[in-house]
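Here the protein sequences line up with chains U and H, keeping their order. According to this note's numbering, the stretch in the first sequence is residues 1493 to 1766, in order. According to this note's numbering, the stretch in the second sequence is residues 1259 to 1608, in order. Even glycine gets a Cβ: it sits at the ideal position worked out from N, Cα and C.
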Amino acid sequence: MKSKGFNAVMLACLWVVLAFMYIPIIAIIGMSFNATPYGMFPYVFTTDWYETLFTTSNLLPACWYSLKFAFAVTLAAVVIGTMTAFGLQAYAPKWANRFHFVLQLPIIIPWLVTGISLLLLFSFLGSGRSVLSMFLGNLIVVLPYVVLLVNGRFLSMDRTPEAAARLLGARPARVFFDITLPAIAPGVLAGGIMAMIMCFNNFVVQYYLIPIGVQTLPTLVFTRIRSGYQADLNALSAIIVLVSVVVVILLSKLGFSAGGLFGMSSGTQSKKGE
Amino acid sequence: MAELAVRNLRKTFDRDEVLKGVSFTVESGKFLSLLGPSGCGKSTILRIICGLETPDSGEVLVDGVDVTKVRPEKRNIGLVFQNYALFPSMNVAKNVGYGLKMQKVPEKEINERVQEALALVKLPDYGSRRIHQLSGGEQQRIALARALVTRPSILLLDEPLSALDRKVRAEMQYEIRNIQREIGTTTVFVTHDQEEALTMSDQIILMNKGCIEQEGDPYAIYSRPVSEFASDFLGKANLISGTLCCEGGQWYLADGEVRIAVNHCGGQEGDPVKAAVRGEYFEFCSPEAEGANPFHLQKKIFTGLSWKLIGTLGTQPVDISALGISADHLEEGAHVYVRIRPENVVYYNK
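As structure tokens, then:
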């Protein structure tokens, strides 16, 4: 297994996979500076698309709307999800496991199905296609992820300091904010990031539930692709990539690796989070 | 300082009866050890005393006041956990001062009392350190300081030394006892280590399967175990079976050529009994000596302080522990004679 040839092949595979993942991302950045919108040559450098984006384009308002919307959903999901995960710990393992299973189901069910059933439900309830319906719909989609990530943190943490704090005179609410919350913070942060990304992205549920006259970024992009592609979208994509890179760098500066937060690291990377 | 009493504690977890009516009293300022194998219910008693667990029935009295229904944060009972349970997000001073902050003690007094507590556990300049920078022994001391700084009426210690290595453990045994004497807090110490219980306590309660097996001071509990379990758990005694007989007013345990003199404490001639004899109570003697019994040495193991001599007394296996000088000359396979004083033998009816 340790022969040189084998290692070289493995290494080549790694580079192919990385290239496969990163070439589209790099390509879109390059295209955002290209004069022709469809990625055709000759390559002529221009910043026109950025200018369009920040002046006449309707992408930026939709992007802001999506960000604000995703943030509101994330906030609600983090608060409700953390409380749910906290409550889950009070159950005996047998019941907690069953609840865990129930939570996993909404993750597996395709959003297509969730979207339709939510539209039917909200129509029946009377809220129909509205911002409220869209908010609740997205909340329902992201909530299980928050609960599962925070719950994972609870399962791996030491619960005795909480008992110690109570014996030192802290009321239960005080114990939660002083001791529990700092310990589960990485899980809460991971849940929040997950919720934010999924909600910002979630075309399917938003498409079903969005009211007329409101555009989130995913629904707007969908409409625009049907009516004719314009390269200010490339410019916006490049900016989003840049922001994502900055977020990942900031997180690792804080001592979290994105993989470690979601419980995917081998354990050697996330030191501060422990 | 307070007197602690528990009355008839019962607790069942999932049909598993962990405590079957346990009662005891600790006088003010005394050091009590709850000793027993894991799963005997000793930790559950501790959790009930401090309020982390509610008993199915029974009560906990502190200075005669029933606190069974009082919430844990209102009891002012200190507990040091087995894994120390320090707060990883706070530094040492914040950890130690946490209880005082909860009592709304002024900042300035908190700082003074934290310094005092750190001095008490001999880590005076550790205030600004992070928890993960401390060794196990240091964490233990900080946990002790944190539990004592609020001047609890009662201090509970839940196997606090079990995660430490042998040398640090011995040091901490001595230190905990010293600190306890100095401040005079009534203390309950839970351990499964008999040596720890014997060295540290004023009073020991030996527990087995949710019941109290024996209660007394360390010497009494070691030298006069009341049951087979007690003799085996405290220092692994040899159990020798035989029948009880009486000759000229002296009672013996007899088995083949083995005859061990005992002080009569119940039972009639011919009763099958088991005697418990500690390894260190055997002494070598000449074949003609009064009470001499044949011992066949099969294996000799050096343990540092003493020799462990494994062999048979008559037909029954026994371990004798002998100090270096008395056993240095013995070869494996040797046939020698040993005797035991009657006052060092306890026997139980089978």
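List the endpoints of the continuous beta strand (DSSP E) containing residue i.
i, result
"H/Phe1345", "It is not in any beta strand (DSSP E) - H/Phe1345 carries neither H nor E in the DSSP assignment."
"H/Val1338", "1335-1338"
"U/Asp1724", "Premise fails: U/Asp1724 lies in the alpha helix (DSSP H), 1724-1745, not in any beta strand (DSSP E)."
"H/Lys1557", "1551-1560"
"H/Tyr1605", "1604-1607"
"U/Gly1683", "No beta strand (DSSP E) holds U/Gly1683; the alpha helix (DSSP H) holding it covers 1673-1693."
"H/Glu1621", "In the structure as shown, chain H starts at 1259 and stops at 1608, and residue 1621 of chain H therefore has no counterpart that could be examined."
"U/Asp1540", "Careful: U/Asp1540 lies outside any beta strand (DSSP E), inside the alpha helix (DSSP H) at 1540-1546."
"H/Ala1263", "1262-1271"
From the DSSP output, which residues share a beta bridge with residue i?
i, result
"H/Cys1543", "H/Tyr1595"
"H/Trp1565", "H/Phe1560, H/Ala1580"
"H/Ser1291", "H/Phe1447, H/Ile1462"
"H/Leu1414", "H/Leu1337, H/Val1446"
"H/Leu1277", "H/Lys1269"
"H/Gln1574", "H/Leu1571"
"U/Asp1670", "Answer is none; U/Asp1670 lacks a bridge partner."
"H/Asp1586", "Partner(s): none; H/Asp1586 has no beta bridge."
"H/Val1354", "For H/Val1354, which the question treats as bridged, DSSP gives no partner whatsoever."
"H/Val1323", "H/Val1320"
Please check if any C-beta of chain H sits within less than 8 Å of the C-beta of residue i.
i, result
"U/Arg1658", "yes"
"U/Val1680", "no"
"U/Thr1652", "yes"
"U/Ser1762", "The pLDDT assigned to U/Ser1762 is 39, lower than 50, so where the model puts this residue is not dependable, and the model offers no usable value."
"U/Arg1645", "no"
"U/Arg1674", "Position check: residue 1674 of chain U holds Pro in this sequence, whereas Arg was assumed. True, the Cβ-Cβ gap to chain H drops below 8 Å."
"U/Ala1662", "yes"
"U/Ala1665", "no"
"U/Ala1655", "yes"
"U/Gly1759", "With a pLDDT of 40 at U/Gly1759, under the threshold of 50, the modelled position of this residue cannot be trusted, and the question is left open."
"U/Ile1704", "no"
"U/Ile1689", "no"
"U/Ile1671", "yes"
"U/Gly1765", "Any reading at U/Gly1765 needs caution, since the residue's pLDDT is 37, under 50, leaving its predicted position unreliable; the model's value is listed next. Not an interface residue."
So is the beta-carbon of residue i under 7 Å away from any non-hydrogen atom of the ligand GDP?
i, result
"U/Phe1616", "Absence of the ligand GDP is noted for the structure shown, with no ligands found whatsoever."
For the alpha helix (DSSP H) that residue i lies in, which residues bound it at each end?
i, result
"U/Ser1609", "1603-1617"
"U/Cys1536", "Per the sequence shown, the amino acid found at residue 1536 of chain U is Val instead of Cys. Unbroken run through U/Val1536: none, as it is neither H nor E."
"H/Ser1286", "No alpha helix (DSSP H) holds H/Ser1286; DSSP gives it neither H nor E."
"U/Leu1631", "1623-1648"
"U/Pro1516", "1496-1524"
"U/Val1713", "1709-1719"
"H/Arg1305", "1300-1308"
"U/Arg1658", "1652-1659"
Any Cβ of chain U within less than 8 Å of the Cβ of residue i?
i, result
"H/Cys1543", "no"
"H/Asn1609", "The shown model of chain H, from 1259 to 1608, leaves out residue 1609 of chain H, and the question about it has no answer."
"H/Ile1335", "yes"
"H/Phe1339", "yes"
"H/Phe1540", "no"
"H/Phe1345", "yes"
"H/Glu1331", "yes"
"H/Gln1361", "yes"
"H/Gly1357", "yes"
"H/Thr1449", "no"
"H/Cys1503", "no"
"H/Leu1310", "yes"
"H/Thr1270", "no"
"H/Thr1445", "no"
"H/Thr1408", "yes"
Residue i and residue j look like a contact to me (Cβ under 8 Å); what is the Cβ gap, rounded to whole Å?
i, j, result
"U/Trp1541", "U/Asn1726", "6 Å"
"H/Leu1406", "H/Ile1368", "Not really, about 14 Å apart at Cβ, beyond 8 Å."
"U/Met1562", "U/Phe1714", "In the sequence as presented, Met is not what sits at residue 1562 of chain U; that position holds Ala. Actually they do not touch by this definition, with Cβ atoms about 17 Å apart."
"H/Gln1431", "H/Glu1454", "6 Å"
"U/Pro1636", "U/Ile1608", "About 18 Å separates the two Cβ atoms, so there is no contact after all."
"H/Phe1491", "H/Gln1452", "7 Å"
"U/Val1633", "U/Val1697", "6 Å"
"H/Cys1543", "H/Ala1550", "5 Å"
"U/Ala1657", "U/Ile1671", "5 Å"
"H/Pro1600", "H/Ala1519", "4 Å"
"H/Thr1445", "H/Leu1290", "7 Å"
Exercise for the section: Note down, one range per segment and in chain order, each beta strand (DSSP E) of at least 3 residues found wholly within the region 1470-1535 of chain H. Expected result: You should have 1496-1505, 1508-1513, 1516-1520, 1530-1535.
Practice task
Just list the beta strand (DSSP E) runs in the region 1551-1596 of chain U, keeping only unbroken ones of 3 residues or longer that don't cross its boundaries, in chain order.
Solution key: none
Practice task
Could you name each continuous alpha helix (DSSP H) segment of 4 residues or more that falls completely within the region 1361-1426 of chain H, going from the start of the chain to the end?
Solution key: Listed in chain order, they are 1365-1378, 1394-1406.
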